[in-house]
Amino acid sequence: LRQAPLFSGLDDEAAESLGSKMTSGHLRRSEVLFHEGDEGDRLYIVTDGKIKLGRSSADGRENLLAILGPGQMFGELSLFDPGPRSATATAVTECELESLGHDELTKWLEEHPNVSRALLGQLASRLRRTNDVVADLVFSDVPGRVAKALMDLSNRFGRKADDGIHVHHDLTQEELAQLVGASRETVNKALADFAMRGWLRLEPRSVVIIEPDRLSKRAR
Ligand code: CMP
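With the UniProt record's numbering applied, the sequence shown corresponds to residues 6 to 225, in that order.
Shown next, in the form of structure tokens:
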């Protein structure tokens with residue numbers, strides 16, 4: 006539990022007390038945990054695997070708000086701003102989760118102001134990131150957004166090796182396009198162009214970044 010940034014500042018006693026209130030769960034790949042619009046009463050923390058948070062338009066198109074990995078939390082908006090779930094949560098890979106009921110969490114937060122502060126910090130950084138995404142949608146072209154999404158995935162899921170940074174993102178090309186907010190064709194074209202320049206190598210559900218500096222520059 007303490008590997009999650011939210012709870013990293015807890016002492017043994019607090020971690021134990023919180024741990025005893027949490028429920029463990031498992032999701033199979035592609036399993037939906039909850040749908041946008043559902044009533045929400047729990048906060049989740051990913052302990053293993055990846056979760057995607059997405060919304061769909063009236064005509065059935067999908068947009069991915071975020072891909073979350075181990076240590077990250079979700080399901081807090083419907084607690085602090087009571088209302089339906091703001092996105093659908095689906096397992097990208099097999100997942101292990103811990104969860105806590107909103108009522109229990111509220112009581113617990115009152116006794117642990119440092120965790121409340123950490124939670125506010127995470128909400129603030131999520132808002133910061135969302136502002137960046139909105140600005141990129143307005144100001145950046147698709148290749149720039151693809152480069153940015155790849156660098157973000159690389160920073161969180163990448164592993165350095167002799168031949169580059171191996172980013173096992175587990176996403177299909179369709180999901181990558183939904184994350185960038187562009188059509189699959191334009192996203193594929195941008196990826197193929199980066200590959201042709203020798204900046205990266207494409208593999209199924211993963212990418213090897215060979216020239217991170219060039220890709221970062223393209224992301225700006
Ligand atoms: P909730 O609305 O309870 O259920 C869906 C969850 O998706 C939401 O809480 C947040 O935890 C998460 N979420 C919604 N929007 C974003 C976003 N832009 N970035 C990251 N996570 C989000």
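Heads up, the beta-carbon is just placed ideally off N, CA and C, and yes, glycines get one too. Keep in mind it's a predicted model, so treat the numbers as computed, not measured.
Would you decide whether residue i is buried or exposed? Buried here means 16 or more other CB atoms lie within 10 Å of its CB.
i    : result
G54  : buried
E21  : exposed
K153 : buried
T111 : exposed
E180 : buried
E44  : exposed
T95  : buried
E116 : exposed
M201 : exposed
G24  : exposed
S159 : buried
V139 : exposed
H174 : buried
V37  : exposed
F144 : exposed
D218 : exposed
E81  : buried
What span of residues does the alpha helix (DSSP H) with residue i cover, start to end?
i    : result
E179 : 178 to 185
G126 : 118 to 144
K194 : 189 to 201
S22  : 17 to 24
How is the beta strand (DSSP E) around residue i delimited, first residue to last?
i    : result
L205 : 205 to 208
G106 : 100 to 106
G163 : 163 to 166
L38  : 37 to 39
Pull the bridge partners of residue i from the DSSP assignment, please.
i         : result
E67       : S61
M78       : I50
I215      : According to DSSP, which records beta bridges pairwise, I215 is partnered with nothing at all.
L32       : C100
P89       : E44
V172      : G163, V212
residue 2 : This structure leaves residue 2 out entirely; the chain is present only between 6 and 225.
L73       : I56
Enumerate in chain order the residues of its own chain whose CB-to-CB distance from residue i is below 6 Å, with the five nearest sequence positions on each side excluded.
i           : result
R150        : D141, V185
A182        : R189, V192
residue 233 : The question about residue 233 has no answer here: the residues shown for the chain are numbered 6 through 225.
L70         : L58, A92
Enumerate in chain order the residues of its own chain whose CB-to-CB distance from residue i is below 7 Å, with the five nearest sequence positions on each side excluded.
i    : result
G88  : none
A9   : I50, G76, M78
T52  : P75, E101, L102, E103
G106 : D46, R47
R223 : P148, G149, A152
H171 : G163, R164, S211, V213
T98  : R34, G54, K55, D175
Residues in its own chain within less than 8 Å of residue i by CB, not counting five upstream and five downstream?
i    : result
L114 : V120, S121, L124
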